[in-house]
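Note sheet for the following structure.
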Amino acid sequence: MADTLRVAVIGAGRMGADHVQRLHRRISGAEVAAVVDIDLGRANATIEGIPGAVALTDATEALDGGDVSAVLVATPGFLHRDILLAALERDLPILCEKPLTPDADSSWQIVEAETRLGRQRIQVGFMRRFDAEYAQLERTIRSGEFGELLMLHHQHRNPSTPEGFTNEMLINDSVVHEFDAIRFFTGEEITSVQVRLGKATKNAPAGQHDPQHVLLETESGVLADVEIYVNAKFGYEVATQASFEDGIVNIGGDRGAYVRTAGRWGGKVTPGFEDRFGAAYDVEVQAWVDAAVRGEIGGPTAWDGYATAACCEAGVEAQKSGEKVKVRLNTKPALYN
Ligand SMILES: NC(=O)c1ccc[n+]([C@@H]2O[C@H](COP(=O)([O-])OP(=O)(O)OC[C@H]3O[C@@H](n4cnc5c(N)ncnc54)[C@H](O)[C@@H]3O)[C@@H](O)[C@H]2O)c1
1 MADTLRVAVI
11 GAGRMGADHV
21 QRLHRRISGA
31 EVAAVVDIDL
41 GRANATIEGI
51 PGAVALTDAT
61 EALDGGDVSA
71 VLVATPGFLH
81 RDILLAALER
91 DLPILCEKPL
101 TPDADSSWQI
111 VEAETRLGRQ
121 RIQVGFMRRF
131 DAEYAQLERT
141 IRSGEFGELL
151 MLHHQHRNPS
161 TPEGFTNEML
171 INDSVVHEFD
181 AIRFFTGEEI
191 TSVQVRLGKA
201 TKNAPAGQHD
211 PQHVLLETES
221 GVLADVEIYV
231 NAKFGYEVAT
241 QASFEDGIVN
251 IGGDRGAYVR
261 TAGRWGGKVT
271 PGFEDRFGAA
281 YDVEVQAWVD
291 AAVRGEIGGP
301 TAWDGYATAA
311 CCEAGVEAQK
321 SGEKVKVRLN
331 TKPALYN
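Per our numbering, the very first residue in the sequence shown carries number 1; after that it's consecutive.
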């Protein structure tokens with residue numbers, strides 16, 4: 001493969017437009033070749049000031065255009081499957097925003113297609129793995145410095161939710177990141193999910209129960225709990241406390257300067273995920289580009305995408321039933337060992 005990736009970014013919304021700027025301004029070894037959006041005006045606005053980039057409305061046209069050597073998928077999740085299959089058919093390196101696909105069956109189809117191809121081509125956009133504090137906690141767990149990891153306590157709080165954010169989306173769009181983080185930290189699969197609905201905030205829109213308490217268990221018996229609270233108003237906060245045999249480690253939470261002024265002390269709360277994880281997205285995309293040039297991937301795999309989709313399915317079932325639901329996984333293909 002040539003040393004510079006020519007990337008087609010599919011979907012020029014919030015994430016896609018951000019990734020285009022990232023690729024153009026901060027990532028080395030890659031250029032934006034095409035931006036595809038069903039809204040041509042949006043695609044055109046996104047390539048403004050990027051020499052050599054074209055705006056298109058059809059993903060296949062970009063993949064077959066001759067000038068594209070890699071694909072970044074940033075359309076809504078329900079469109080990922082077909083784009084991924086088309087990109088795999090052309091044996092292109094792919095960075096797919098989470099989720100891999102919205103359900104375990106279609107994610108399994110992707111795993112099967114990649115397995116047939118015989119090499120890993122898809123990296124899934126779980127960017128938290130590239131955040132400095134997440135990476136540090138993972139290394140601490142792996143090192144055994146504080147003995148065995150026993151429990152994980154996660155908080156995931158957003159100021160508010162966009163219109164149409166349903167009860168299921170708390171699991172599928174928000175807790176999905178925790179599912180991946182817990183698998184990343186422990187290096188194990190999640191075996192069961194339970195969801196408890198307690199007292200709810202008046203600030204949640206009709207039909208959405210907020211906050212929720214998600215309880216998980218991993219293969220070796222690590223227990224994890226997630227407070228998912230998406231109308232918390234005060235700002236954005238994603239934090240984890242890890243309990244070890246010989247210590248407690250906290251990541252996330254308050255960041256930045258500690259200020260004392262006018263008889264008060266404190267600092268700023270991050271307003272949203274773009275600020276909190278901006279640097280992590282840069283590291284993620286650079287890792288993808290560097291690996292793609294070598295014919296590899298540089299982060300979470302299609303198997304990780306499939307396994308989190310299975311956790312989400314168990315989570316939504318648990319949300320409805322109140323029961324502890326087993327996560328059902330097919331046998332992991334050797335390609336991912
Ligand atoms: N990693 C993260 O932290 C994170 C955060 C937010 C969103 N996401 C994920 O990123 C993806 C995109 O989310 P978003 O918030 O940018 O959505 P968005 O709605 O802002 O953008 C989606 C874009 O896709 C375009 N589109 C729709 N159908 C298309 C088609 N057939 N072909 C080409 N373009 C099409 C839309 O016109 C829109 O511009 C989703 O998978 C979402 O889950 C990830």
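Positions of the beta carbon are idealized from the N, C-alpha and C atoms, including for glycine.
Note that the structure is a prediction, hence the values are computed from the model and not measured.
Near ligand 1: D39 beta-carbon under 7 Å from a heavy atom: yes
Residues bridged to E97 [DSSP beta-bridge criterion]: G125
Residue closest to F277, alpha-carbon to alpha-carbon, out of L40, G125, E163: G125
Segment contact flag, the region 1 to 11 with the region 28 to 42, C-beta cutoff 8 Å, min 3 pairs: yes
Distance between beta carbons of V73 and L84, contact taken as under 8 Å: 7 Å
Beta-carbon gap between E317 and A104 smaller than 8 Å: no
Spatial distance of A55 from E48 (CA atoms): 10 Å
Pair within 8 Å by beta-carbon distance, Y336 and I251: no
Neighbourhood of R255 by C-beta distance below 7 Å, restricted to the same chain and skipping five residues each side: T270
Range of the contiguous alpha helix (DSSP H) that encloses Q136: 132 to 143
Contact test: D304 Cβ vs ligand 1 heavy atom, cutoff 7 Å: no
Nearest-angstrom beta carbon gap, S174 and V230 [assumed within contact, 8 Å]: 6 Å
Through-space distance from Y281 to V259, alpha-carbon basis: 28 Å
M151, buried or exposed, once every other Cβ within 10 Å from all chains shown has been counted against 16: exposed
Beta-bridge pairing of H80 - partner residues as DSSP gives them: BP columns for H80 are empty, so no partner.
Cβ-Cβ separation, L329 to A310 (assumed contact under 8 Å), whole Å: 5 Å
Contact check, L95 vs V285, beta carbons under 8 Å: yes
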